[in-house]
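Student:
Residue numbers (this note's numbering), protein chains in the order written: chain L, 1 to 423; chain G, 424 to 846.
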């Protein structure tokens, strides 16, 4: 780890950071080589997931490090003591901008990607002659707001079929570009699909959309906290995210980043005083009445945690874990890995099938027999098992899950195994 | 206190109630006469407002009792441990229905009144020929969503002037009824004004609206937790509230109650899977993606707390406190009480002016010199001081504030008094 980088980080952000974060940065600095197991053991020690539980569903919801929980609890107690709130918008926006390569003025804080996407879908002047183009790999949170807005406005919602296992980014780009007919007013796509963890070529698509005068609304629920993200370099019109996934913010913490045009151009969906004061820019949309400010405190702590770990280091670690998982899965008889293996397409979510075993049955077995939490991608009839690997997961956990799946592959599911646990 | 009532409450709700609530109920039962000071001292001991602070701004945000904070913290820790959430919708809806005289199937849980009102304003099929009638005593949370929807849909928003100090409910009813012309499609009014704490004759107005085929959207931000409320007896079409005020739920906890017609009739504003499944009724609108379930846990605890205290007992206490405040204010030279003194109109919020002293200056003085938190009603140019008295306030606190105001009335504001504190 680069000592100067830490010193700079700690020095510049000391006022905004929650208590304990600078101390954690120094502790990590002293914990052996920055990509070594000792370093990651210290990281793991920041979480309160019980050691006997293997949590492989960050793609649905992250588990928060203690520094985030502490920030939430501290803020909750402040409010109960009738003290004024402790988070300043500017601190939060500044920290996020530094993490995500963005302009602090572009951030809005809805509760999740669904709400962020709803703000965009209702906020645009969609009309009867417009088409919104989406895909068959979109999450309900990135899809249903468009379906609702199109239904009400008489616009058309069209889906392009994306290959589940694309060979390379060009294949994905060409498929989407080919579907971008002249009637398309909005392209609504995932940055990283929830179905397979596939990274879409967003920057190239954004350039294409600008050329064609198409509004590009990106569902970025997953990347922040999983991959290094530079929002301004990506260049879409709007970027919706759920920091309560990979960024490990508290449950119910969303994010919407607006390019300059839409900071004054989007109509407010939730409207409190100032919603139509265009001088406020994107911040207008944060005027939504009394919000739970502990989400902001928790998000600020989560961003600090992510900056201390470093997005590039996190990405390397997650690639190590998902690479180990993928290699192991490939060696199990009957496993078919759905997620693309191309290095520019793959991420920390891996989807697969096991021949002869339905995903929900495998999921129940892993939960009941091994306390492993997973996600089944039942959407669109896919029936895939999805495993998310994050910084709190270990190589040993990956091996445990591989061993469990291998035994099912070789011997089938136990006839009357232990039941219970959770799906 | 009626022992059988407690036993019944504790017995029937034991499964849904948070830990500690039954114990609190028994402790209260043993604390002298149910309306005596000892009882209210036990209640006060449930809060963590420091004894040197006088919090008279529940009308903006309540201070949570420890049982609510504990529920929030416990749920936050569960999520951080990757455990599944601990609140069942049915428990929460059932408890609320019991407290508020409502059908459990009618409840939606937005983050506040602003969002609840936005759900209604966008969800109705408002058109170009429609008028929404509101008043000059509406809060931004109950007003701006209508302004936003009318602006976008080309509907008209019209304000009726309400008397600030009405003589009786008839006067209010007649003023509103007189403004209900044939073009009015929606009546959007407060149940209890944030400006003066005046209770509007909602049940009578609801009957009138039914006769005239007008949709009645009630802004009920304040009454739940302050007054006994029977939503079904009130009879409006929609009722928006902010349980983080008088019901003492966590910050960012809202409520929307829909009459049967609108459970399937309102278009979803935030749309996740199932938003258009009309069989889900009002619960469709709770499909808004991943929410912070600690709000639900905290709200459930807050409702339990309110039921243990008893809405009628709370109302008597608040009337005692606000009556003491009002009597004291009336005796101070230069004070003009704006809030109506009629027993059917008055509530636990009291607004007044002090001759020669601007409300913001008085507010700053009370905060800096006496650590008293208040609210200035600057909206609509009114310039009134508003004091909220809730169960954690004491007769001694009321006397302290009266004494402070009396000194300002007699001697003016100190020239260079202590500064700081908060407004």
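We put the beta carbon where it would ideally sit given N, CA and C, even for glycine.
Computed from a predicted model, the values in this text were never measured in an experiment.
From the DSSP output, which residues share a beta bridge with residue 255 of chain L?
Tutor: Answer by DSSP bridge pairing, in chain order: L:241.
Student: Quick one: grab the DSSP three-state call for residue 807 of chain G.
Tutor: Residue 807 of chain G: strand per DSSP, three-state reduction.
Student: May I have a chain-ordered list of the alpha helix (DSSP H) segments no shorter than 4 residues that lie completely inside the region 464-527 of chain G?
Tutor: The region 464-527 of chain G contains these whole alpha helix (DSSP H) runs: 489-503, 512-523.
Student: Using a beta-carbon distance cut-off of less than 8 Å, what residues from the region 266-278 of chain L approach chain G?
Tutor: Result list: 267, 268, 269, 270, 271, 272, 273, 275, 276.
Student: Given that a residue counts as buried once 16 or more other Cβ atoms are within 10 Å of its Cβ, and exposed if not, what is residue 736 of chain G?
Tutor: Buried.
Student: Taking only beta-carbon atoms, is residue 292 of chain L less than 8 Å away from chain G?
Tutor: Cβ-Cβ to chain G under 8 Å: yes for residue 292 of chain L.
Student: Does residue 796 of chain G come out as helix, strand or coil in the three-state DSSP assignment?
Tutor: Note: residue 796 of chain G maps to strand in three-state DSSP.
Student: Closest by CA to residue 137 of chain L, which one among L:401, L:380, L:399?
Tutor: Closest option to residue 137 of chain L, Cα to Cα, is L:380.
Student: With residue 597 of chain G as the anchor, note down where its alpha helix (DSSP H) starts and where it stops.
Tutor: 592-602 is the extent of the alpha helix (DSSP H) around residue 597 of chain G.
Student: Rounded to whole angstroms, what's the CA-CA distance from residue 256 of chain L to residue 670 of chain G? Just pull it up for me.
Tutor: Whole-angstrom Cα-Cα distance: 31 Å.
Student: Within 8 Å, do at least three Cβ pairs link the region 186-194 of chain L to the region 205-222 of chain L?
Tutor: The region 205-222 of chain L is in contact with the region 186-194 of chain L.
Student: What residue range does the beta strand (DSSP E) around residue 537 of chain G cover?
Tutor: Note, residue 537 of chain G: premise wrong, no beta strand (DSSP E); alpha helix (DSSP H) at 536-546.
Student: Assign residue 89 of chain L to one of two classes, buried (16 or more other C-beta atoms within 10 Å of its C-beta) or exposed (fewer than that).
Tutor: Per the 10 Å Cβ criterion, exposed.
Student: Would DSSP call residue 585 of chain G helix, strand or coil?
Tutor: In the structure shown, residue 585 of chain G sits in coil (DSSP, three-state: anything other than H, G, I, E or B).
Student: With 7 Å as the C-beta to C-beta threshold (strictly closer), list the residues of the region 806-838 of chain G near chain L in chain order.
Tutor: So nothing in the stretch comes that close.
Student: Please confirm whether residue 85 of chain L and residue 293 of chain L have their CB atoms less than 8 Å apart.
Tutor: Yes, Cβ-Cβ distance for residue 85 of chain L and residue 293 of chain L is below 8 Å.
Student: Which chain L residues are close to residue 535 of chain G, counting only those with a beta carbon under 8 Å from its beta carbon?
Tutor: Within chain L, the residues near residue 535 of chain G are 288, 289, 290, 291.
Student: Does the ligand ADP have even one heavy atom less than 7 Å from the beta-carbon of residue 442 of chain G?
Tutor: Ligands in the displayed structure: none, and consequently the ligand ADP is not present.
Student: Can you list the residues of chain L that residue 607 of chain G reaches, using a CB-CB cut of under 7 Å?
Tutor: Correct list: empty, because the minimum Cβ distance to chain L is about 21 Å.
Student: Return yes when the Cβ of residue 813 of chain G is within less than 8 Å of the Cβ of residue 485 of chain G, no when it is not.
Tutor: Going by C-beta atoms, residue 485 of chain G is nearer than 8 Å to residue 813 of chain G.
Student: As a quick exercise: from G:478, G:808, G:797, G:637, pick the residue whose alpha carbon is nearest that of residue 600 of chain G.
Tutor: Taking only the C-alpha atoms, the option nearest residue 600 of chain G is G:637.
Student: Just to make sure I have the definition right: I need the residues of chain G whose C-beta is within less than 7 Å of the C-beta of residue 49 of chain L. Which are they?
Tutor: Result: 504, 505.
Student: Let's see if you can read the secondary structure: which residues bound the beta strand (DSSP E) around residue 189 of chain L?
Tutor: Per DSSP, residue 189 of chain L belongs to the beta strand (DSSP E) from 184-190.
Student: Could you please give the first and the last residue of the uninterrupted alpha helix (DSSP H) stretch that includes residue 405 of chain L?
Tutor: Per DSSP, residue 405 of chain L belongs to the alpha helix (DSSP H) from 395-411.
Student: Ordered along the chain, which non-local residues of its own chain (more than five positions away) have a Cβ less than 8 Å from that of residue 435 of chain G?
Tutor: For residue 435 of chain G, the predicted structure reports a pLDDT of 49, less than 50, and the residue's modelled location is therefore unreliable. A value from the coordinates is still provided. Excluding positions up to five away in sequence, the list is empty.
Student: So, with DSSP's three-state summary, where would you put residue 646 of chain G?
Tutor: Reduced to three states, the DSSP call for residue 646 of chain G is coil.
Student: Curious, which full-length beta strand (DSSP E) runs of at least 3 residues does the region 319-347 of chain L contain?
Tutor: If we require 3 residues or more, the beta strand (DSSP E) runs fully inside the region 319-347 of chain L come out as 335-337.
Student: Any beta carbon of chain G sitting closer than 8 Å to that of residue 220 of chain L?
Tutor: False, the Cβ-Cβ gap to chain G never drops below 8 Å.
Student: Only counting the same chain, and skipping five residues up and downstream in sequence, which positions put a Cβ closer than 6 Å to that of residue 604 of chain G?
Tutor: Result list for residue 604 of chain G: empty, nothing under 6 Å.
Student: From which residue to which residue does the alpha helix (DSSP H) around residue 731 of chain G run?
Tutor: Looking at the DSSP string, the run of the alpha helix (DSSP H) that includes residue 731 of chain G is 716-732.
Student: Using beta carbons (cut-off 8 Å, strictly below), is residue 264 of chain L in contact with chain G?
Tutor: With 8 Å as the cut-off, residue 264 of chain L does not count as an interface residue toward chain G.
Student: At a Cβ cut of 9 Å, what residues of the region 565-591 of chain G count as close to chain L, listed as they run along the chain?
Tutor: Result list: 566, 567, 568, 569, 570, 571, 572, 574, 575.
Student: Residue 361 of chain L: buried (16+ other C-beta within 10 angstroms of its C-beta) or exposed?
Tutor: Burial call: exposed.
Student: Do you know offhand how far residue 527 of chain G's Cα is from residue 113 of chain L's?
Tutor: Approximately 28 Å between the Cα atoms of the pair.
Student: Select from L:100, L:402, L:184, L:223 the residue whose C-alpha is nearest the C-alpha of residue 201 of chain L.
Tutor: If we check each option's Cα against that of residue 201 of chain L, L:223 comes out closest.
Student: Are at least three pairs of beta-carbons, each pair with one atom in the region 230-243 of chain L and one in the region 115-124 of chain L, less than 8 Å apart?
Tutor: At 8 Å Cβ cutoff, the stretches touch.
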